[in-house]
Amino acid sequence: MDQNTFVPGGPEENRAAFRTLFDAYSPAAMAMAVNILGNRADAEDACQETFIQVYRHLDHFDSRRSFKTWFTAILYRRCFDQLRRRRRSLALLRKVESDPVVLPTAAPASSPANRSLPAGLLDRLNAKERTALCLWANDGYTAGEISEVLRCTPGTARVYLFQARKKIKKLLEKDHDFLQRC
């Protein structure tokens, strides 16, 4: 399917096309958001905010570029906005309460994004490494597309991929017990 064929001329002109776009992108968007945010409720909020922003700003889309990459970049920013809000809330809670609150940083093992890897493996990567690896492995993104999503250079995106693969390889080679625990 050609991703740019689903982009209507404007949201008011073709709501059916936007619904098709929503149906095509929502499963992958939810998987990515759960992977970044670590829980379904926040992921649903981020996805909803993303689709609203895409709907409102579809006229800003540059049709010479990949719609999928544009959409994913918006989703990525919404997810990290959620993480920032979570950190601010957490900081306020810590001032009030003496017990720190621990929030998940990766998707649960049952997440579609984690089905092929042992549980806990992606938890060992930082958010950018995890996102780069998931975009590359699950969605077939190139380093250039990943760099647009992460707002970095293609070289930096390749470094995130390299570091993620290196960490995973080291874990799997070094600790055979890790696989048995998973």
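Quick note on numbering: this note's numbering labels position 83 of the sequence shown as 169, and the sequence is numbered without any gaps. For glycine and all other residues, C-beta sits at the position ideal for the given N, C-alpha and C.
Original post:
In three-state terms, what does DSSP make of Phe-147?
Top reply: Phe-147 carries a coil assignment under DSSP once its states are collapsed to helix, strand and coil.
Original post:
Ordered along the chain, which non-local residues of its own chain (more than five positions away) have a Cβ less than 7 Å from that of Arg-269?
Top reply: Outside the modelled stretch of the chain, which goes from 87 to 268, sits residue 269, for which no answer is possible.
Original post:
Thinking C-alpha only, which one of Arg-142, Gln-134 and Gly-206 is nearest Met-116?
Top reply: If we check each option's Cα against that of Met-116, Gln-134 comes out closest.
Subject >> Rounded separation between Phe-153 and Glu-259 - CA only >> reply: Rounded to whole angstroms, Phe-153 to Glu-259 spans 38 Å at the Cα level.
Subject >> Cβ-based neighbour list, Val-245, same chain, cut-off 8 Å, excluding 5 preceding and 5 following >> reply: Counting only Cβ-Cβ distances below 8 Å, and skipping sequence neighbours, we find nothing.
Original post:
Closest by CA to Lys-255, which one among Trp-156, Gly-230 and Leu-208?
Top reply: Among Trp-156, Gly-230 and Leu-208, the Cα nearest to that of Lys-255 is on Leu-208.
Original post:
In terms of alpha-carbon separation, which member of Phe-108, Leu-161, Lys-252 and Leu-169 lies closest to Glu-234?
Top reply: It is Leu-161.
Original post:
Expressed to the nearest angstrom, what Euclidean distance is found between the alpha-carbon atoms of His-146 and Thr-158?
Top reply: Cα to Cα, the separation comes out at about 15 Å.
Original post:
What is the DSSP secondary structure of Gly-241, reduced to helix, strand or coil?
Top reply: Helix.
Original post:
Quick one: Cα of Asp-148 to Cα of Arg-210, how far?
Top reply: Going from the Cα of Asp-148 to the Cα of Arg-210 covers about 36 Å.
Original post:
Apart from the five residues just before and just after Ala-229, which ones in its own chain have a Cβ nearer than 6 Å to its Cβ?
Top reply: Pro-240, Ala-243 and Arg-244.
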